[in-house]
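Scroll down for the structure; my scribbles are underneath it.
Residue numbers (this note's numbering): -15 to 238.
Below, the structure written as structure tokens:
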């Protein structure tokens, strides 16, 4: 049994297929040569958005319209390219379903079951695969070495609060071990594990859902500190690979 820290790793995100990339490689190389780097997410976003309004076929949009949108400066005076202007317009108009085609998959480790209960309330656009307390045994003598736990920042270095918190975790571990030793199956013994017990999961979400999640759970918006930290981790991971999304993580309408 150990105290753990949250870790978020981006496993995968939307990428152009080899077939599609081969059709637009000349254009993308030319744009890159001229200093306009186009991410895969931007190409998907333009394809989805323009499909709703263009006479061109979806497979043709980047090839036929990419130079117009990615190769010219924005006409709204807010910077970036015409593609950035178009995406800003779409986000502000509320036509955000077009950003659901861009997805991200994360490995999330060392978060509490309390956080999990909050996270799974965000069901639309999210998929979860969660470490099971039924099939994974958390006894002190099992491969897990006992359950890990998350210590809230509010209990850290707070007089005797931290010591009492850790003692409570140790008592929960000994109770779980006792039940297992006396023949109680892990699926029933898990009932004594606390909300602070750590878990691991894989989360996949589309861009629209991640932006909306951030808007509701970001720091300073009334969210609990642990899930606010997770929201920031997800935002940072998304923006790192798709920098153009950064402007939309404050409620999705900037």
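Ideal Cβ positions, reconstructed from N, Cα and C, are used throughout, including at glycine.
Here residue 106 carries a coil assignment [DSSP, helix/strand/coil]. Within the same chain, Cβ atoms closer than 6 Å to the Cβ of residue 207 are found at 201, the five residues on either side in sequence being excluded. Distances from the CA of residue 135 to each of -3, 10 and 151 were compared; the closest alpha carbon is that of 151.
Looking at 13, 178, 190 and 26, the one whose alpha-carbon comes closest to that of residue 70 is 26. Under the three-state reduction of DSSP output, residue 233 falls in the coil class, being neither helix nor strand. Note that the C-beta distance between residue 179 and residue 231 is not below 8 Å.
For residue 210, the number of other beta carbons within 10 angstroms of its own is at least 16, and it is reported as buried. By the beta-carbon neighbour count (other beta carbons within 10 angstroms, threshold 16), residue 65 is buried.
Between residue 117 and residue 177 a beta carbon distance of about 6 Å is seen, short of the 8 Å cut, so the two are scored as contacting.
Checking the DSSP bridge columns, you'll see residue 190 partnered with 87.
When secondary structure is reduced to three states using DSSP, residue 155 falls in the helix class.
Taking C-beta atoms as the reference points, residue 12 and residue 92 fail to come closer than 8 Å. Leaving aside the five residues that flank residue 80 on each side, the residues in its chain whose CB is nearer than 6 Å to its CB run, in chain order, 192. The C-alpha of residue 139 lies about 52 Å from the C-alpha of residue 4.
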